[in-house]
Amino acid sequence: MSKPVVATTSLAGCFGCHMSLLDIDERILDLIELVEFNKSPIDDIKVFTKQCDIGLIEGGCCNSENVEVLRAFRKQCKILVSLGECAIMGGLPALRNGIPIKECIDEAYLNGPTVSENTEKILPNDDELPMLLDKVYPCHEVVKIDYYLPGCPPRADLIWNALIALVTGDEMELPYEVVKFD
Amino acid sequence: MSEKIKFTIDGKECYAEPGQTILEAALDNGVYIPSLCYLKDVIPAGSCRICNVKVAGRFMTACTTPVAMGMEVENDIPELNELRVSIIEMLFVSGNHFCPACEKSGNCELQALAYKYTMMVPRYPYLFPEKKPDSGNKKLFIDRNRCILCKRCIRAVKDEQGRSLFAFKNRGNELAISLDHELAENISDELAEEAMEICPVGSILKKEKGFQQPIGHRKFDKQAIGSDIKSVIK
Amino acid sequence: MRNTVQKIVQKAGNDRGRLMDILLEIQAELGYVSGEVTDQLAEELGISRVDVEQTLSFYHFFRQEPRGEYTVYLNNSLVANMMGRVEVAAAFEKEAGCKFGSVTEDGRIGLFETADIGMNDQEPAALINGKVFTNLTPLVVRELVSGMRNGKKVEDMIRNYGDGKNGSDLVRAMVHNNIKQKGSVLFSAYSPGEGLTKALQMSPEKVISEVKDSYLRGRGGAGFPTGLKWEFCRRANKEVSYVFCNADEGEPGTFKERVLLTEYPHLIFEGMAISGYAIGAKHGVLYLRNEYDYLKAYLESVLEEMHEKKLLGDRILDTEEFGFDIRIQMGAGAYVCGEESALLESSEGKRGEPRNRPPFPVEKGYMDHPTIINNAETLCNVVKILKNGSEWYTMLGSQESAGTKLISVSGDCKYPGVYEVEWGIRVKDILDLAGASNIQAVQVGGPSAECIGPADFNRTISFEDLPTGGSFIIIGNKRDLIGDVVTNFLDFFIEESCGSCTVCRTMPTILKNKIAKILTGHGVQQDLEDLQDWGSKMKMANRCGLGQTAANPVLSTLKNFREKYEGLIRKDVDFDSGFDLASAVVDSCEHVGRTPNL
């Protein structure tokens with residue numbers, strides 16, 4: 001039987017969740033035995049080369065590119081897992097959700113204390129750039145998400161337990177210490 | 001001593017002082033009934049609704065209902081626990097609870113209840129309400145994003161003349177806590193500290209204080225909320 | 001200004017319990033309650049500023065900023081919408097030159113919305129500086145606004161007065177009573193004092209047992225047996241106790257108390273006096289919703305008249321032992337204050353938050369004294385029961401519902417108005433009386449009760465079948481039941497929740513968003529399950545009747561009109577997040593100056 005295929009990505013996230021995945025230490029060797037990675041920063045495969053079984057999503061959606069990637073993951077993966085606070089509730093990027101996007105853009109490019117050389121008051125509008133969303137969306141408000149692993153980042157044990165459960169089909173172990181929101 | 005009132009919680013025989021509420025009596029008998037707005041020795045609000053229990057098929061808040069002789073209280077049952085989780089989830093989606101950035105994380109009772117019930121994600125869509133924080137006081141910072149409107153501060157934080165430092169403003173989903181800036185102008189360090197302690201979440205913060213305990217050493221990092229109550233009795 | 005405030009506070013005996021009256025009076029004098037005035041009030045009453053503010057910000061007729069020399073509150077209830085409110089609102093905005101929720105630049109005209117003002121039988125209607133304007137049309141609005149521009153007095157803008165006492169000197173309102181059917185109890189012949197005379201010939205206990213024997217149940221909606229309530233209160237046996245009359249009818253679609261207050265105030269006050277005698281209370285309070293402020297002067301004159309006739313006062317009907325007086329407590333715009341314990345909180349000058357029970361008001365009510373709170377219609381029944389006997393009363397009505405009921409009929413029908421009917425009447429019969437045809441649904445008992453379809457029109461108006469506080473809204477075939485009716489009711493509950501309980505503060509908004517998702521074509525089967533499941537939590541986890549029933553617009557239409565929801569959802573997929581990329585990028589693209597490339 002072929003190994004289950006895993007893909008991972010970081011949308012509006014900080015890659016901290018990916019770091020936490022690496023934090024499973026030597027178990028990563030077992031993981032490599034258990035699963036095959038496809039599109040993921042772990043193996044640096046940039047585009048999907050096949051249908052995957054499990055997709056791990058870090059980060060929420062703050063721009064059109066995030067949405068596009070997330071939708072591609074939904075299409076390519078049988079199971080999607082929201083990994084971490086940003087994927088689950090928008091996380092720190094979602095702090096901007098109470099503020100109109102126009103103000104956010106102006107603060108970043110015109111009025112912010114670190115803006116010094118934008119005398120022509122240029123706002124980035126190249127067609128190549130992703131378009132900003134009106135607010136930062138949790139992943140499950142864009143596509144269907146099957147499982148959630150909270151934490152900032154999710155504890156390595158939580159990610160490990162989840163992957164094992166998904167691969168083996170056994171019930172997941174959820175000790176009190178591993179489900180945390182920070 | 002006056003006659004004790006006999007009643008049961010989930011079949012367990014319990015005894016209450018006359019006039020005692022179900023929640024207080026439960027604590028005295030080593031039974032934990034989850035709650036958020038309840039605060040010892042302060043008039044109960046019955047507003048968070050988490051301590052909902054069932055008596056004779058009817059829902060009632062344990063923090064406001066006095067024990068009656070022979071009462072059969074249902075507490076730790078799937079129907080109520082489901083309701084409690086859903087209330088916790090409502091509190092999460094109706095505020096802006098960014099746990100990773102919160103000074104109270106690890107010591108927060110809302111978060112602790114979510115941990116207790118292993119809430120992985122709120123089932124309700126986020127409302128992302130717009131809430132204005134209030135940093136106008138020298139010693140206190142009020143972050144309304146995190147406020148769960150439990151009224152603890154309103155009921156418990158008073159000046160020497162018994163005047164409230166905190167009060168509600170507006171109503172419905174616009175409801176907010178406001179701090180009386182004049183009264184709080186010369187608030188003592190102790191009272192500021194107390195206000196922060198009383199707040200079950202990270203909404204009332206004493207300025208220049210926070211993140212003092214490292215992760216792993218905070219109140220609810222390893223021990224679920226309420227788990228100490230049983231152990232005390234046994 | 002400081003002097004004005006000081007005088008008003010002194011007049012109220014520097015009593016924080018009278019904060020409602022103080023704020024209303026300040027507003028009448030100064031137009032609004034400024035920050036400065038709030039500070040002064042805190043000082044004079046010896047409470048914190050935020051304590052003043054919490055009452056001030058709770059009621060929507062209180063103003064913390066100027067709302068115009070002429071303040072228009074246009075009713076935004078369902079029936080107002082049905083009768084053309086949208087066009088009227090547009091006319092107001094166009095003529096006045098400002099949007100709803102704001103004041104014209106010159107500060108002259110303020111346009112605001114308000115929930116049901118009890119004029120469903122003559123919508124669209126608005127309050128302008130407390131005066132009622134009914135049957136508005138864009139043409140009338142044009143005249144009104146031009147009158148405001150020219151500084152015309154509001155009372156001079158009223159062209160014709162309504163029927164009955166509406167035309168009397170102290171009312172002068174264009175409101176119509178619209179009494180469409182008189183029955184044998186409430187709208188029957190009456191001369192003041194008949195019931196009271198009979199009552200005073202009996203012992204208080206006998207009065208209570210007479211009321212108990214009549215099987216009279218509360219007419220506000222909950223239907224608690226009136227005699228039993230009185231008995232509980234009498235049993236509390238305290239020196240001081242109170243009788244409250246709840247005239248805060250706020251349930252959208254009811255206006256029968258408006259009619260009682262206009263045409264039969266003696267009956268209400270006499271009922272209060274009888275109940276005072278029965279429970280041993282000397283004081284009565286009529287809690288009057290702010291929307292009916294136009295009746296206040298008239299009601300006060302009635303009280304005076306009754307004093308003169310010794311139907312009220314120290315020695316009622318010249319007896320030695322019984323004295324009773326009544327004062328009027330004004331509300332300031334909060335539906336939840338129709339809930340009896342919230343009404344008491346409000347009367348004590350606080351936010352109208354329902355209390356936890358126990359203790360019940362009959363043990364610990366107004367200012368902690370035993371208190372009964374009865375609906376105005378209930379009290380009117382009491383007088384007739386005393387006059388004619390409980391046996392006579394129980395002959396009327398149905399098995400479990402004795403007597404008659406006032407039904408406020410509005411919506412899609414020829415004859416909106418108040419009908420006195422015997423309990424047990426079929427919905428169908430009321431529809432016939434009202435001249436209604438091609439009916440899709442009837443909202444019986446207002447948004448907090450049930451929405452039924454034609455299959456249920458043979459059901460009866462009664463406590464055992466379809467209970468109602470009196471609201472009966474007829475919804476014609478052409479109306480959009482979910483888009484117009486359910487959404488309007490949810491908006492109402494969102495606006496009117498006191499916010500104290502988590503679930504009531506939050507859930508109506510969540511439900512409304514879910515309905516919006518379904519209405520925009522993104523609904524799936526799961527959304528209907530969610531509406532049912534989530535909505536049902538309202539019943540379990542809220543303190544008061546408002547919260548417990550606020551999901552009913554959704555739950556009852558899901559039950560009785562499920563096919564309408566099924567017709568709106570997608571059947572091709574089992575998941576649709578409702579996320580729309582195109583609309584999510586509109587703002588940012590516009591701001592940076594690019595065309596969205598999707």
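Quick note, the sequences are listed as chains A, B and C, same order.
Sequential numbering of the first sequence, starting at 1, is according to our numbering.
Sequential numbering of the second sequence, starting at 1, is according to our numbering.
Sequential numbering of the third sequence, starting at 1, is according to our numbering.
Beta carbons: idealized from backbone N, C-alpha and C, even for Gly.
Just so it is clear, the structure is predicted and the values come from calculations on it, not from any experiment.
Chain A contact for residue i (CB, 8 Å cutoff)
i, result
"His591(C)", "yes"
"Lys234(B)", "Its pLDDT being 40, under 50, Lys234(B) is placed unreliably in this model, and the coordinates cannot settle the point."
"Val121(B)", "yes"
"Ala516(C)", "no"
"Asp533(C)", "no"
"Tyr124(B)", "no"
"Tyr115(B)", "yes"
"Val524(C)", "no"
"Ala176(B)", "no"
Supposed contact pair residue j and residue i - C-beta distance, whole angstroms, cut 8 Å
i, j, result
"Ile24(A)", "Ile159(A)", "7 Å"
"Met330(C)", "Met20(C)", "7 Å"
"Tyr393(C)", "Gly403(C)", "6 Å"
"Met148(C)", "Tyr70(C)", "4 Å"
"Ile461(C)", "Ile425(C)", "5 Å"
"His176(C)", "Asp163(C)", "6 Å"
"Lys139(B)", "Ile187(B)", "6 Å"
"Pro358(C)", "Thr371(C)", "Incorrect: roughly 14 Å between the Cβ atoms, too far for contact."
"Met538(C)", "Val486(C)", "Going by Cβ atoms, the distance from Met538(C) to Val486(C) rounds to 14 Å, so no, they are not a contact pair."
Any chain B beta carbon closer than 8 Å to residue i
i, result
"Glu58(A)", "no"
"Lys135(A)", "yes"
"Ile24(A)", "no"
"Pro175(A)", "no"
"Ala162(A)", "no"
"Phe289(C)", "The identity of residue 289(C) in the sequence shown is Arg, whereas the question assumes Phe. Cβ-Cβ to chain B under 8 Å: no for Arg289(C)."
"Pro154(A)", "no"
Buried versus exposed call for residue i [16 or more other C-beta atoms within 10 Å across all chains shown]
i, result
"Ser146(C)", "exposed"
"Arg219(C)", "buried"
"Lys384(C)", "buried"
"Gly193(C)", "buried"
"His60(C)", "buried"
"Asn14(C)", "exposed"
"His217(B)", "exposed"
"Ile9(B)", "buried"
"Gly227(C)", "buried"
"Glu3(B)", "exposed"
is_contact[residue i, chain C] using C-beta, thresh 8 Å
i, result
"Thr64(B)", "yes"
"Ala167(B)", "yes"
"Pro34(B)", "no"
"Met89(A)", "no"
"Asn186(B)", "no"
heavy atom of the ligand ATP below 7 Å from residue i C-beta
i, result
"Ala45(B)", "Because no ligand of any kind appears in the structure shown, any question about the ligand ATP cannot be addressed here."
Only counting runs of 4 or more residues, tell me where the alpha helix (DSSP H) segments fall wholly within the segment 82-169 of chain A, in order along the chain.
-> 85-89, 101-106, 156-168
Where are the alpha helix (DSSP H) runs, 4 residues long or more, that stay fully inside the segment 44-84 of chain A, in chain order?
-> 64-76
Curious, which full-length alpha helix (DSSP H) runs of at least 4 residues does the segment 99-161 of chain B contain?
-> 109-116, 152-156
Taking three-plus beta-carbon pairs below 8 Å as touching, is the segment 217-236 of chain C in contact with the segment 40-48 of chain C?
-> no
Contact set between the segment 60-71 of chain A and chain D, restricted to residues whose Cβ is under 7 Å from the partner = Given the protein chain composition of this structure (A, B and C), no chain D is represented.
Inter-stretch contact (C-beta, 8 Å, three-pair minimum) for the segment 130-145 of chain A and the segment 62-73 of chain A | yes
contact_flag[the segment 96-113 of chain A, the segment 154-169 of chain A] where n(CB pairs < 8 Å) is 3 or more = no
Would you mind listing the beta strand (DSSP E) stretches within the segment 405-452 of chain C that are 3+ residues and don't spill past its ends, in chain order?
-> 417-422, 439-444, 450-452
For the segment 282-337 of chain C, list the alpha helix (DSSP H) runs that are entirely contained and at least 4 residues long, ordered along the chain.
-> 296-308
Is the segment 202-219 of chain B in contact with the segment 81-100 of chain C, if contact means three or more CB pairs nearer than 8 Å?
-> no
Cβ contact check for the segment 541-553 of chain C and the segment 112-124 of chain A: 3 or more pairs under 8 Å = no
Is there contact between the segment 129-147 of chain C and the segment 425-439 of chain C, where contact requires at least three CB pairs shorter than 8 Å?
-> no
Report the residue ranges of all beta strand (DSSP E) runs contained in full by the segment 479-564 of chain C; include only those spanning at least 3 residues, in chain order.
-> none
In chain order, which beta strand (DSSP E) runs of at least 3 residues are fully inside the segment 46-108 of chain C?
-> 70-75
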